[in-house]
Amino acid sequence: MFLGIDLGSTFFKVELVGAGGARLGSGAATVPYLAAGSGRMEEIPVDEAESALARAVRDALSGAGVSCRRLAAIGITSQAQTFTVRAPSGAAKRPFLSWRDSRIGAESPALDLPDFGRHTSFPRCSPALTVAKVAQLQRESGR
């Protein structure tokens with residue numbers, strides 16, 4: 000059995016598939032963005048995201064009456080460029096920053112990296128890329 004996980008921008012979706020390709024179970028959970036009034040709508044609380052994914056996985060497995068020990072493999076797709084930063088202990092230092100976040104704008108020092116396209120699959124750095132967001136976070140933290 001295989002578990003497919005789609006970490007989408009709106010829902011986390013999970014499908015349990017048998018060896019013959021038969022759909023055995025499914026689960027879904029809404030992506031828990033921070034409240035719109037917070038001004039940080041493109042951020043996803045890590046604990047809530049982990050709980051939402053766990054619920055979707057449990058629903059897919061329990062719907063089929065299957066234990067996770069019977070899984071042969073897990074496949075995961077994700078939101079492009081969505082990330083968090085974790086401390087050495089593994090604890091998240093901030094919420095997930097969604098690829099949809101547009102607060103960086105033209106501020107990131109990574110936007111000025113020379114020859115960016117020679118080293119990546121992108122012709123130039125964009126504010127939507129993780130590297131631009133990480134560089135801006137480093138600048139804001141004084142590093």
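To convert, note that position 73 of the sequence shown is 72 in numbering that gives the first Met the number 0; the numbers rise steadily by one, no gaps. Ideal Cβ positions, reconstructed from N, Cα and C, are used throughout, including at glycine.
State yes or no: is the C-beta of residue i within less than 8 Å of the C-beta of residue j?
i     : j      : result
Leu2  : Pro94  : no
Gln78 : Ser8   : yes
Ala91 : Leu110 : no
Ile75 : Leu128 : no
Gly17 : Met0   : yes
Could you give the C-beta distance for residue i and residue j, rounded to a whole number, given that I count them as a contact under 8 Å?
i     : j     : result
Glu49 : Leu96 : The Cβ separation is near 16 Å, so there is no contact.
Taking all protein chains shown into account, decide if residue i is buried (16 or more other Cβ within 10 angstroms of its Cβ) or exposed.
i      : result
Ile4   : buried
Ser140 : exposed
Ser107 : buried
Ala55  : buried
Ala134 : buried
Ala28  : buried
When the Cα atoms are used, what is the spatial distance from residue i to residue j?
i      : j      : result
Arg102 : Ser66  : 42 Å
Phe10  : Arg123 : 30 Å
Ala51  : Val30  : 7 Å
Trp98  : Gln80  : 5 Å
Phe115 : Asp58  : 43 Å
Glu47  : Val13  : 17 Å
Leu136 : His118 : 22 Å
Phe121 : Leu112 : 12 Å
Ala105 : Pro44  : 25 Å
Asp100 : Ala53  : 25 Å
Kindly confirm or deny that the segment 80-94 and the segment 65-72 touch, where touching means at least three C-beta pairs closer than 8 Å. Result no; under three Cβ-Cβ pairs closer than 8 Å.
Counting Cβ pairs, one atom from each stretch, are 3 or more of them under 8 Å apart for the segment 22-31 and the segment 57-64? yes
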